[in-house]
Each structure stands twice: as structure tokens, then as C-alpha cells.
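S.K.: So that we are looking at the same thing, I have put the structure below in C-alpha cells.
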Amino acid sequence: MRFPHLSCLAAGAVIMELGVLFRGPVGILAAVVAMVLPGWLVSRRLALVTGLALIAAAGLGSWALTGEFRAWLVTLLLVAAAAGPAWRRDRAGAALPRIDRRHLAAAGAVAAVTATAFALTTVGSVLPDDDFFQARLTAPQPGKIAVEVVNHSAAAKPVVVATSWGSATEIRVEAGATTVLRLPFPCTGRIDVTVTAPGVSRRLTREVLPGDC
Amino acid sequence: MTTTAAAPTPVAVASPARDQLRWIAVSALAGMTGLVLVWWSYRLTFAPGGHHYTVFWIGCLVAGLPPAVRAVAGAVPAWERLTQVVLLSVFLMGPKLLRTPDRPLYHDEYAHIVQAEHLRATGHLFADNWLVPVIKSYPSLHTVTAYLIDLSGLPGWRVGQAVILLAHVLAAVGAYALVAELWHSERAGAAGAVTYMLNAGYMYFDSQFSYEGLALVFFVWTGYLAVRISRGGGWRTVPLAILLGAALVTTHHLTAIALVVLLLLLCASARLKPLFLLTGAITCFLAFWLLAVSPYTLQYLSPYLGTGLSQLAGIVSSGSGGRQLYAASTTPFYERAAAFLAIAVLAAVAIVHLVRSRFLRADAGARLGWVLYGGLYFLSIPLILSPMGAEAARRTWAFTFFGVAVLVGGLFHAGRVRLVAAALGFVVVLVGNVSAGQNEYYRFPGPIVFGTDTRDVSAETLELARWLRAGVAPGERIATDRFNGLQLSWSGGLDVVRATGDLPYWELYLEDLPPSVRLADEMRRRDVAYLVLDERMTRSLPVLGIYFQPDEAFTVHEPLDPGRFDRYFDQPWASVVLDSTTVRVVRIDLDLFARSAR
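Quick mapping for you: the protein sequence lines, in order, are chains A and B.
Under our numbering, read the first sequence as residues 1 to 213, first letter to last.
Under our numbering, read the second sequence as residues 1001 to 1598, first letter to last.
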């Protein structure tokens, strides 16, 4: 191949722009190419570090040129930054590096440990799962008044929803469930709702607004 | 230009290729086993018995010792040493990665990930950030992350983790390259890299998604190029070094200042024109950035060092007022002992270096500069006795420890270190420095603790964030405390406002109603239509001692009166639209609110 480095860069540019357009597996490949290729063409030994610095610089360049950060423009700037060094390498007759068994062994080992770490992360955060009992007015915007009761505990709860205009409704909220209760309410004044379960009481208030009725 | 302090390592015959591959397989397997043990230790925090520390350290030592020992052993080829260093650094990212696998955990992580995701969504660079205002002027981490999110289509948090993992590894590899270059020894380089990974912030603090993690990469590699320049690398290396230095300036303020200090030391010890050019260019760019782009940075940084030093002076003169180290700590005794022993071990290394180098006479050129830089680590240690200085000292260790790594590399270069002693030192410094770097709340999950950034995420706050996200209209903003704010801004994607002198909404917690005209007008102007109250404020004080941010204008010595929260049931401008076990949401009619102002 007569221009191996420029050819690499051209292929990389296509992959990166396809990544901006389509994402998915092509996008992940594009992200890797963007981090490695331009930096590698500028400095082989410091490829990844240079790649990160170039992305940062290209981000600022995109902002300076258009007033905004645009991924496609960052890609173009990265390619522009790497084109000169690629051309110089081709003129100097530099060959592309070869991958040998040692590189593969090292990459395989690092990939195995990294994959284990990320695989374990898929199990999710270790969050405490404390009980809570919550009452709320559905969507605090006008026109959708209803009472929601959330019972985040391991046991069902008998709940009484009492209102300031004299109604009282008994419901049963299952463990881990959210129950929505739609009540008739006066069209003026202030709504005041008390939600009571054994040992706990919650209170909600709201001004009735035009559009609620 | 540089002289060596001792005879170089005797030439040893490298082990056969099959052995090298076998050792790499062993280290990889050990790393995977260690990760599983660390993961398990986090599950044990909810079980009685307190075995999580033991299992955690078994995991760390199972995973850490094989690559560390093999990396610094004699007769190992450079490629294998480097691979072992990378394996160790990947493992040492594991504890933080597993601590918070699917969401931010530390305070600053929320700020940075929100900033990166906002940048990707809007394209607006230099956007305001309510959690850490100064980060808006340091966009490199957010730019890199936003770009990779855009390309890959992966979730922002995953991309952020990958970027920091890459930075984590590159910092260790940078330490390797730097120390190997300074001592002309791959073994010294590996020892330096392993030592660097033992600094107090490496396992947790610098593994968080924060600008410092990326900045350290630019720092060490610029420092490495400066060494190359000082050794006749010449003018051709300068542009790349300037690129990395400039990237650092746009990434993190303190690390950029630390780089200028380093370059000045290198200039003083190796007087070369290309080095002067590099130092001048980066210093000028930093000055421009601090004056023109981020003029509030020095104001942001000054309390840490200035107040820290004055507090330290007060401690020295009066003999009181200092921090009690490990006060109310739940860490095991052996960790605390190791924390003090680690300082002794590192001090012993420094003393050995001083003696071997005939009090630095044998150090010259760039190596002298780096050794002096490592000395700053020891100078900063007394600062941990002052409340503000402790934070400043901890922040500087991430880069002064590169200098310490150079000192340790020198010992291995001399070839006089027994592997058993090295392994013992590794264990002591690892355990001690991790313990000194972060407390239990940052390291381990566990029961909810009110007023901590890292132990205050619950199913209830996540449900609140989800519900508000569905109900809050576009443009409406939320006033709340620091701890709920973290969840609402990231999990809920909500626009939380910062309590400041211009928007002193702490008045709604602490002062009588009606609100002040200034507050009411400002809330209406900014459309702050929701107030999220945390009822735990009426039961206890937050562990961090603050409700909103470190510089808040008041100090509360006892829990708030519950009446302060109950009064919102009776205000005509307030609707209590959610009432829960620990939180209450007040929707504010901003016109009525402004009219009610005193």
C-alpha cells in the first residue's frame, strides 16, 4: 500500500462519522478509533494520551468555530489534526506496526480483568432498601387531581384517605404497590387530604385551580 | 546531563516466554478473583459481624500482590512489567467501580456527569453547574465524555466510567515511563508505577468521574516529555508537550498549577531553552485561563491552602484546634496503624535516597527536579492536622506522589531491594494510604446515613426523583438541600438551583415567614417552583455538618424545629403535593409567594 497511514486515517474518519450517525456497535468501534487513531498518528508512544488531548482541543475548536460543541465537527477536526502527521509518515516510508503474540496476551489479560469488573457492575448498586410510606397528589399540574399512595414495605397496609370536605375512603395497599385513588373534590378553595395507615399519617394540601374541575 | 546515584542493576537473563505468559495469566486470574471478593465484601456490609473489611483486604491482596511483585522482580522483560502494571491499575479501579456500578456516588461525580450529559444534549460549552460552579470553566473531561457518548450511544455513566478507567491506567503507565526514563531502568519504572498506585487517592478519589482523574494523565505525561526535553529530546518534543499541558489547563485548575510548579523546578535543575519555552507557554496559557476564562478559580482554591496554613500555624502556636485523626472512625485498628506506618515507610525511603545520593548531590537535571517535587509530599503531611489543610494536602498527593515514585524507583534501580521487603512495604502502604484517603462512608455501602453524599441514596429518594421528573414542567426549578439535590439533578434530570447569597433559600428552612422580598423576587425570576424538604433535618444534624454547600452562610447546632416544615400546610401560596417518610414536596405559587413577601 502506497499511503498506509493516510488510508488508515481515511478509514477511521469514515468509521467515526458513521458512529456519529448510527451509534450502536459501529459507534462503539468509532469511539475506540477516535481515542486511538488520531493520537497514534501524532505520537505513537503517547497515542492514547495524545488522543484524549486532541479530543479536548477539538471540542474547544468546535465551540470556537460554531459556538457549540458538535460531535461531527470534533471528528473532522481530529482527522484534520492527524492528516499532516499521517502524510509525513507515509512520505518517510514508515510501515504500520505488527501485532505479535505478546500484545495479544497482554490485551487478553487486561480485557479479562476489565470485563470481570464491568460484568460485576451489572448486578447493580448495593443500595439499602428501607421501607417508606408516601402519599402524593398525582401530577401537581392542574386538571389531574388524584391521590397516590405508595407502600414500599414487605406487608400490605390498610389505609384511610380522609378529606377536608368530609369524605373518608378505606383502601388496602399491597406490599410494594402504588394505589391511585380518584376522589370527587370541591371546585373552589383548598383541598386538604390526610392519608393514614397504622402508625403513620401523611398530609397533602393544594389550592384548587382553574382547570381542575 | 543526569548522573546516577548508584551502579545500575546487573544484567539478568529474562525468564522464558512461557513463564512470562504464565505470570500474566496468574495476575489476570488473581485480579478477577480479587474483584469478586471486593464485590462480596460490599454485600457483607449489611450483615452483622463486620467482616467486610477483612474480605475486602483479602481481595485486594489476592489481586494486588502477584502483579505488583512480578512487575518489580528481576529478570522480567519490559513488556511483561508494563502488562503487570496495567493489570494492577485496572484492578485498583475495581473497588470504586463496584462501589457505585450504575450511578454517581461522590458529590463531584454528580456535578461532572450532569455537566457532560448536558453538554452532549445541548452543545453548550461553559454552561453553569449548580453543584460545583467552578467546573464550567474546565470542560475537557466533559468534552471527551460527551463526544464518546455521542459516538458510542452508550449511557453517559458507562462512558464516564470507561474514560476514567482509561485515565487511571494511563496515569500508572505514565508513572512507569517517567521513572524508567529518569533512572534508565524498566525495573525502576515498574517500581515507580506500583508506588504511584499506592497513593491515598488512587483507589477511590481519583477513580471517581471527576476532572482530576483525567488531569493527572496530562500532568504525568507532560512531566515525562519535560524529562525527555531536558535530556536532549529537543525542540521536536515541545509542541506535543505544549498540547498536553494546554489540555491540562482546560481540564483541572489545581493540577495545572501543580504542573507549572513542577516545570519551574525542572527549569531550575535543568537549564535548557526548550524547557524554558515549554514552561513559559504553559504558564502563560494558565495565566490567561485563570484571568480571562475562570477568574473565580483562585477564590475557590484559596480557602483550602490559605486557611489550612493559618489553621496549622494556630495549632503550632497554641497546641490546640487541630483535627483528631480518625476521630469517630469505624476503621479497624490495623488500618489506622498502617496509615501511620505508611508515612514511616515512605519517609525511610526518602532518607535512604538522601543518604545514597549524598544529600541530592548525585541527583541532577530533571531527576533532581522530580525528587524535590516528591519532597513536597512530605512537606504537606503536617497539613492533615488542620481541618481545611487536610483537604488541600490530600488533593496534592495525587501529583506529588509521582515524585515519591521516583524516589522508590531509585531504590529498585540500585537493585538492593528484597522482594519480601517490597511486598511487605506494598501491603502496609496500600492499606494505610487507602485508609487515610477515604472514610468508611466513601469506601463501603451500608445503612442510610443522613447528611452524607455517599450513603444517602435510598429507594425513597429515587422514587421521589422519578415522580418529580414526570411532574415538573419544563423550565421549573427546584430548591432543596445538598443531599436530595444530588439525586434529583442526576436521577431525576431536574434543574436544581444552588443556595447562594443571591438566592438565599435557606431562609425557607431557618427563618420566619413571610419570605424576604429579595428571596421571593429571585425565586419568581428563576421560576423556582418547588421546595423539597427533608424531614430528617428536624430529627438530627447532617454528618457532613452542612445542609447546602461548604461555604453556607449559617451554622446550625441542633435539628430544626418540625414546625418550620409543618407551616407549609397553612400557606396560601404553598401546596404540599407529596408527603413521605423522610421527604415533603412543596409546590409554590410564585405570584402569590411574591405578593406575600415582607
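Glycine is no exception: its CB is placed at the ideal position from the N, C-alpha and C atoms.
Which one of Thr1581/B, Val1585/B, Trp1079/B, Arg1598/B has the shortest CA to CA distance from Asp131/A?
M.R.: Residue nearest to Asp131/A within the set Thr1581/B, Val1585/B, Trp1079/B, Arg1598/B is Thr1581/B (criterion: CA-CA distance).
S.K.: Can you give me, in chain order, the residues of the segment 1474-1487 of chain B that have a beta carbon less than 7 Å from any beta carbon in chain A?
M.R.: Of all residues in the segment 1474-1487 of chain B, none has a Cβ within less than 7 Å of some Cβ in chain A.
S.K.: If we define contact as Cβ-Cβ less than 8 Å, is Ser164/A a contact residue for chain B?
M.R.: No, no contact with chain B.
S.K.: So the alpha helix (DSSP H) His152/A belongs to, where does it begin and stop?
M.R.: First-last for His152/A: 147-152, but that is the beta strand (DSSP E), not the alpha helix (DSSP H).
S.K.: Can you tell me whether His152/A sits near the ligand PLP, meaning its C-beta is under 7 Å from at least one heavy atom of the ligand?
M.R.: The ligand PLP is absent from the structure shown, which contains no ligand whatsoever.
S.K.: So, using beta-carbon positions, are Gln1020/B and Tyr1106/B closer together than 8 Å?
M.R.: no
S.K.: Is the Cβ of Met1032/B closer than 8 Å to any Cβ of chain A?
M.R.: For Met1032/B, the nearest CB of chain A lies under 8 Å from its own CB, placing it at the interface with that chain.
S.K.: Need the endpoints of the beta strand (DSSP E) that Glu170/A sits in, please.
M.R.: 168-173
S.K.: Strictly by DSSP, which residues pair up with Pro1550/B?
M.R.: Bridge partners of Pro1550/B: none, in fact.
S.K.: Over what stretch of residues does the beta strand (DSSP E) that includes Ser1357/B continue unbroken?
M.R.: Premise fails: Ser1357/B is in no beta strand (DSSP E) and is neither H nor E.
S.K.: Could you say if the segment 1378-1390 of chain B and the segment 1016-1031 of chain B meet the contact criterion of at least three C-beta pairs nearer than 8 Å?
M.R.: no
S.K.: Taking only beta-carbon positions, decide if Ser1580/B is within less than 8 Å of chain A.
M.R.: Output row for Ser1580/B: interface = yes.
S.K.: Would you report the Cα separation of Ala1465/B and Leu1341/B, rounded to the nearest angstrom?
M.R.: 45 Å
S.K.: So, at 7 Å on beta carbons, what are the nonlocal neighbours of Arg2/A in its own chain, with the 5 sequence-adjacent residues on each side left out?
M.R.: none
S.K.: Quick check: the Cα distance between Arg202/A and Asp1589/B, rounded to an integer number of angstroms?
M.R.: 22 Å
S.K.: Give me the Cβ distance between Val159/A and Thr196/A, rounded to the nearest whole Å; I'm assuming they're in contact under 8 Å.
M.R.: 7 Å
S.K.: Which residues in chain B sit within 9 Å of Ala106/A, going by Cβ to Cβ distance?
M.R.: Ile1024, Trp1079, Glu1080, Leu1082, Thr1083, Val1086, Leu1087
S.K.: In the DSSP assignment, the alpha helix (DSSP H) including Ser1489/B goes from what residue to what residue?
M.R.: 1482-1490
S.K.: Here's the rule I'm using: 16 or more other beta-carbon atoms within 10 Å means buried, otherwise exposed. How should Ala95/A be labelled?
M.R.: exposed
S.K.: Verify the CB distance criterion: does Gly211/A have a CB-CB separation below 8 Å to chain B?
M.R.: no
S.K.: In chain order, what residues of the same chain lie with their CB nearer than 8 Å to the CB of Val1134/B, ignoring the 5 residues before and after it?
M.R.: Closer than 8 Å at Cβ, skipping near neighbours: His1253, Ser1294, Tyr1296, Thr1297, Tyr1300.
S.K.: Do Ile55/A and His1147/B count as a contact pair if the criterion is CB distance below 8 Å?
M.R.: Inspection of the sequence shows that residue 1147/B is occupied by Tyr rather than by His. With contacts defined by Cβ atoms closer than 8 Å, Tyr1147/B and Ile55/A form a contacting pair.
S.K.: In the DSSP assignment, the beta strand (DSSP E) including Gln134/A goes from what residue to what residue?
M.R.: 132-137
S.K.: State buried or exposed for Arg172/A, treating a residue as buried only when at least 16 other CB atoms are found within 10 Å of its CB.
M.R.: With fewer than 16 other Cβ atoms inside 10 Å of its own Cβ, Arg172/A counts as exposed.
S.K.: Under three-state DSSP, which class holds Tyr1110/B?
M.R.: Helix.
S.K.: Report, in whole angstroms, the separation of the C-beta atoms of Leu1531/B and Val1449/B, which I expect to be a contact under 8 Å.
M.R.: With a Cβ gap of about 23 Å, Leu1531/B and Val1449/B do not count as contacting.
S.K.: What is the rounded straight-line gap between the Cα of Val1429/B and the Cα of Thr1400/B?
M.R.: 16 Å
S.K.: Looking at Val1194/B and Val1345/B, is the spacing between their C-beta atoms short of 8 Å?
M.R.: No, the Cβ-Cβ distance between Val1345/B and Val1194/B is not below 8 Å.
S.K.: Based on DSSP bridge pairs, tell me the residues matched to Ser1575/B.
M.R.: Arg1587/B
S.K.: Measuring CA to CA, which of Gly84/A, Gly51/A, Glu170/A is closest to Val1144/B?
M.R.: Gly51/A
S.K.: For a quick check, are the C-beta atoms of Asp192/A and Ser164/A less than 8 Å apart?
M.R.: yes
S.K.: Given a cut-off of 8 Å on the beta-carbon distance, is the pair Val1496/B and Ser1489/B in contact?
M.R.: yes
S.K.: Where do the N-terminal and C-terminal ends of the alpha helix (DSSP H) with Arg101/A fall, by residue?
M.R.: 101-121
S.K.: What's the call for Cys1060/B, buried or exposed, on a 16-neighbour Cβ count within 10 Å?
M.R.: buried
S.K.: Given 8 Å as the limit, is there contact between the segment 1237-1250 of chain B and the segment 1279-1295 of chain B, that is, 3 or more CB pairs closer than that?
M.R.: Three or more beta-carbon pairs drawn from the segment 1237-1250 of chain B and the segment 1279-1295 of chain B are found closer than 8 Å, and the two stretches are therefore classed as touching.
S.K.: Quick one: residues in its chain with C-beta nearer than 6 Å to the C-beta of Leu1617/B, no 5 flanking neighbours on either side, listed in chain order?
M.R.: Limits of chain B in this structure are 1001 at one end and 1598 at the other, which puts residue 1617/B out of reach.
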